[in-house]
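Novice: Counting in this note's numbering, the sequence shown runs from 1 upward without gaps. Glycine included, each C-beta is placed from N, C-alpha and C at the ideal position.
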Amino acid sequence: MIPFLDLKSINAPYIDAFVSATQEVMRSGWYIEGESCKAFEKNFASYCGASFCAGVGNGLDALTLIFKAYVALGKLQKGDEVLVPSNSFIASALAVLNAGLTPVFVEPDERTYLLNSQSVKNALSKKTKAIMAVHLYGQTCEMDTLKKIASTSGLLLVEDAAQAHGATYKGEKAGALGDAAAFSFYPGKNLGALGDGGAVTTNDAELYEMVQALKNYGSNEKYIHPYQGVNSRLDTLQAAFLNIKLRQLDKDNETRRQIASFYLENIDNQNISLPTLRTNSVWHLFVVRTKNRDALQHHLLQNGIESMIHYPIPIHLQKAFEDTKTHLPISEQIAKEILSVPLYPTLSKEHQHFIVETLNRFERNER
Ligand SMILES: *Cc1c(COP(=O)(O)O)cnc(C)c1O
Numbered sequence: 001m002i003p004f005l006d007l008k009s010i011n012a013p014y015i016d017a018f019v020s021a022t023q024e025v026m027r028s029g030w031y032i033e034g035e036s037c038k039a040f041e042k043n044f045a046s047y048c049g050a051s052f053c054a055g056v057g058n059g060l061d062a063l064t065l066i067f068k069a070y071v072a073l074g075k076l077q078k079g080d081e082v083l084v085p086s087n088s089f090i091a092s093a094l095a096v097l098n099a100g101l102t103p104v105f106v107e108p109d110e111r112t113y114l115l116n117s118q119s120v121k122n123a124l125s126k127k128t129k130a131i132m133a134v135h136l137y138g139q140t141c142e143m144d145t146l147k148k149i150a151s152t153s154g155l156l157l158v159e160d161a162a163q164a165h166g167a168t169y170k171g172e173k174a175g176a177l178g179d180a181a182a183f184s185f186y187p188g189k190n191l192g193a194l195g196d197g198g199a200v201t202t203n204d205a206e207l208y209e210m211v212q213a214l215k216n217y218g219s220n221e222k223y224i225h226p227y228q229g230v231n232s233r234l235d236t237l238q239a240a241f242l243n244i245k246l247r248q249l250d251k252d253n254e255t256r257r258q259i260a261s262f263y264l265e266n267i268d269n270q271n272i273s274l275p276t277l278r279t280n281s282v283w284h285l286f287v288v289r290t291k292n293r294d295a296l297q298h299h300l301l302q303n304g305i306e307s308m309i310h311y312p313i314p315i316h317l318q319k320a321f322e323d324t325k326t327h328l329p330i331s332e333q334i335a336k337e338i339l340s341v342p343l344y345p346t347l348s349k350e351h352q353h354f355i356v357e358t359l360n361r362f363e364r365n366e367r
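As structure tokens, this is what we get:
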């Protein structure tokens, strides 16, 4: 069986370094925040080319805290609308809701799966106050166009960069492309911890200070609480692990690019569409598309290849959002036709070849 993702092999090379880092943390006697968190925040901000980074508990909290911070700073008000692509992971929408704001679901571009300036324009209302640019599958959104709409209409532009560690747009990295960005370090992400973790990056000092306070009980000074915060700090041990893995992120992303190039050059089946956006992606996922998706998934499984769907139900059709009575035909069609095939840095050449051959055999010469 070729697993969809093999976290054991991805983390195996780091085990000795993780053990040393764990011992260091254990011996330090400092288990909340501490040196490894400070170091990671500094390293990750500098990696992204952003002025500030605040480590938080997970990716959902990173997004939620950005919106809560804007509310606390008076830049957003309860009930303001935030445009969210409906083909994202549900966290993108929950964050908006958790901050007392209203998610308005919009269509992605049919070919790139990313937020599209036309659908953003179509969804704009007097209440629209922010856009969430989800850099889905490791590809950055068309930020120039989105920035233009944001500045013309006075909107905040927030990046959901949970799938885009290291991805670039015109030479700049995700995390430094909008007003603020959220990252997740969930184990399966391009930069993954051994548990939950997340971060907010921004060039806005005021926003950064507010996120740091809100994630820590609304306090910047022990037992003084100017804001109603939460407890969502980046775990000290996870920060230590992430510091070690961050050094390899560019190399891992390069390996992902090589595998993606191999797939793009060798998958040749008129029943299967390949990703259209190819430059500067960090290939968090390799998503193919076919009219007969369930049959393709079955065909792969029969050949011992695990695949997944990101995501099978668009957010506006999830029961959790059943009050949202919208019909988004593009998102709904995409959800029926997409399939993610294995792509990760430790995927062997042999497996890559077998995946390509198996895809090429789909609905061909098969009776
Ligand atoms: C993973 C992910 C999140 C949430 O991150 P968690 O750390 O799992 O909370 C948010 N948005 C997108 C697009 C994601 O892929």
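Can you tell me the Cβ-Cβ gap for S117 and L146, rounded? I've got them flagged as a contact below 8 Å.
Specialist: 7 Å
Novice: Quick one: residues in its chain with C-beta nearer than 6 Å to the C-beta of Y169, no 5 flanking neighbours on either side, listed in chain order?
Specialist: T140, M143, L177
Novice: Compute the Euclidean distance between the alpha carbons of S88 and L114, then round it to the nearest angstrom.
Specialist: Using only the alpha carbons, I get a separation of about 9 Å.
Novice: If you count every other CB in all the chains shown that lies within 10 Å of the CB of D235, and 16 or more means buried, which is it?
Specialist: buried
Novice: I'd like to know whether the C-beta atoms of G197 and Q238 end up nearer to each other than 8 Å.
Specialist: With a cutoff of 8 Å on beta-carbon distance, G197 and Q238 are scored as near each other.
Novice: Which residue from H310, N360, T64 puts its Cα closest to that of V158?
Specialist: T64
Novice: I need the DSSP call for C53, collapsed to helix, strand or coil.
Specialist: strand
Novice: Could you tell me if T201 is buried or exposed, where buried requires 16 or more neighbouring beta carbons within 10 angstroms of its beta carbon?
Specialist: buried
Novice: Following the continuous alpha helix (DSSP H) through A213, name the residue where it begins and the one where it ends.
Specialist: Counting along the chain, the alpha helix (DSSP H) containing A213 begins and ends at 205-214.
Novice: Could you tell me whether the region 287-303 touches the region 66-77, using the rule of 3 or more Cβ pairs below 8 Å?
Specialist: The region 287-303 vs the region 66-77: no contact.
Novice: Among L296, A295, K173, L300, which residue has its Cα nearest to the Cα of G138?
Specialist: Nearest in C-alpha terms to G138, of all of L296, A295, K173, L300, is K173.
Novice: Flag this pair as touching only if the region 314-330 and the region 351-360 have three or more C-beta atom pairs under 8 Å; answer yes or no.
Specialist: no
Novice: CB of D196 to nearest heavy atom of ligand 1: below 7 Å?
Specialist: Yes.
Novice: Between which two residues does the beta strand (DSSP E) holding V25 run?
Specialist: Note, V25: premise wrong, no beta strand (DSSP E); alpha helix (DSSP H) at 15-28.
Novice: Have a look at Q163, L76, M210, G192 and flag the residue whose alpha-carbon is nearest the alpha-carbon of D6.
Specialist: G192
Novice: For ligand 1, any of its heavy atoms closer than 7 Å to the Cβ of N360?
Specialist: No, the beta carbon of N360 sits no closer than 7 Å to any heavy atom of ligand 1.
Novice: Distance, Cα to Cα, F52 vs L300?
Specialist: If you draw a straight line from the Cα of F52 to the Cα of L300, it is about 43 Å long.
Novice: Hey, would you say the C-beta of V134 is under 7 Å away from at least one heavy atom of ligand 1?
Specialist: Closer than 7 Å to some heavy atom of ligand 1: that describes the Cβ of V134.
Novice: Quick one: give me the first and last residue of the beta strand (DSSP E) that E159 is part of.
Specialist: 156-160
Novice: At 4 residues or longer, and completely inside the region 47-96: list those alpha helix (DSSP H) runs for me, N to C.
Specialist: 59-72
Novice: Per DSSP, which residues does Y311 bridge with? Please list them.
Specialist: As computed with DSSP, Y311 is found in no beta bridge at all.
Novice: Do V82 and V96 have their CB atoms nearer than 8 Å?
Specialist: Between V82 and V96, the C-beta spacing is below 8 Å.
Novice: Pull up the distance between the alpha-carbon of P85 and that of E357, whole angstroms please.
Specialist: 33 Å
Novice: Roughly how many angstroms separate the alpha carbons of I305 and H298, rounded to a whole number?
Specialist: 9 Å
Novice: With DSSP run on the structure shown, which of helix, strand or coil describes V282?
Specialist: coil
Novice: With a 10 Å radius around its C-beta and 16 neighbouring C-beta atoms as the bar for buried, classify H165 as buried or exposed.
Specialist: buried
Novice: My understanding is that D375 touches K127, with C-beta atoms under 8 Å, so please give their C-beta distance in whole angstroms.
Specialist: Examination of residue 375 is not possible in this model, given that the chain is present from 1 through 367 alone.
Novice: Let me check you understand the geometry: is the CB of S184 closer than 7 Å to at least one non-hydrogen atom of ligand 1?
Specialist: yes
Novice: Could you tell me if the beta carbon of D323 falls within a distance shorter than 7 Å of some heavy atom in ligand 1?
Specialist: Outside the cutoff, so no.
Novice: Would you decide whether T154 is buried or exposed? Buried here means 16 or more other CB atoms lie within 10 Å of its CB.
Specialist: The sequence given here places Gly at residue 154; Thr does not occur at that position. G154 should be labelled exposed.
Novice: So which of S281, L246, F241, A295 has the shortest CA-CA distance to Q258?
Specialist: S281
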